[in-house]
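Structure first, commentary second.
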Amino acid sequence: MGVTVHMPISGKLTATIECEIEKKDSAKGNWNCCQLKQFCAKVNELNQQAANGELKDIRGTDQYDVNRLTGDKAAKDFREAWNSNPKMRKNPTKSKFYHECAVKKGKIGEEMQPDHVHEIQQGGPPGESNLRWLDTSVNRSIQGHVGAIPEVATAVDADCCPAGRSYCKGKGDRASVLP
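Residue -6 in this note's numbering is what sits at position 3 of the sequence shown, and the numbering runs on without skipping anything.
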């Protein structure tokens, strides 16, 4: 599992996340289609940021340290605010989830994590306006890929996206990705 960078005919420098989804013992091999759709939605966000030249690795800087602390607190506050607000639990805001299949009514537990849409390590803002709910397994999987995306990349894709291309075509959101 990794990131490959290549220069296709279009002139874009594309960072491709290699999913290795066919391996039964891989995290992605055990995902359902909704998890894969969330993964692909996150990859699409990264692609937009790369196209806009917004991916800037700030790890190792004082600004990163400050943003990381602030971002972690914002994520904790986001969870607490969501779970303490009955209105959000009854009528969740779809825009606060990466994919509509993941929209959940009721309290959100450890199965989901607040995720920074524009990753802090890639120069994203640390506040609550930059957060969406993401499946915990998906979030853990994508974290390792984000740091490997070079700043010069103008596009980001994944060899398992879009989810419906082959893995989830004709399947429901809770169906296993692998047959």
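Note that beta-carbon positions come from the ideal geometry of N, C-alpha and C, so glycine has one too. All of these numbers come straight from a predicted model, not from anything done at the bench.
**OP:** Buried or exposed for V129, please, with buried defined as at least 16 other CB atoms from any protein chain shown within 10 angstroms of its CB.
**Re:** buried
Original post:
If you check the beta carbons only, do A146 and A42 fall under 9 Å apart?
Top reply: Less than 9 Å separates the beta-carbon of A146 from that of A42.
Original post:
Expressed to the nearest angstrom, what Euclidean distance is found between the alpha-carbon atoms of R156 and I133?
Top reply: 20 Å
**OP:** Express the C-alpha separation of N23 and R165 in angstroms, rounding to a whole number.
**Re:** Each residue's Cα considered, the two are about 5 Å apart.
Subject >> 7 Å CB neighbourhood of L125 in its chain, flanking five on each side removed >> reply: Q29, K33, Y89, M103, Q104, D106
Subject >> Rounded separation between V108 and A149 - CA only >> reply: 17 Å
Original post:
Helix, strand or coil: how does DSSP classify K70 here?
Top reply: Residue identity check: residue 70 is Arg in the sequence provided, not Lys. Of the three classes helix, strand and coil, the one that applies to R70 here is helix, per DSSP.
Original post:
When you compare only the Cα positions, how much space is there between F69 and G97?
Top reply: 15 Å
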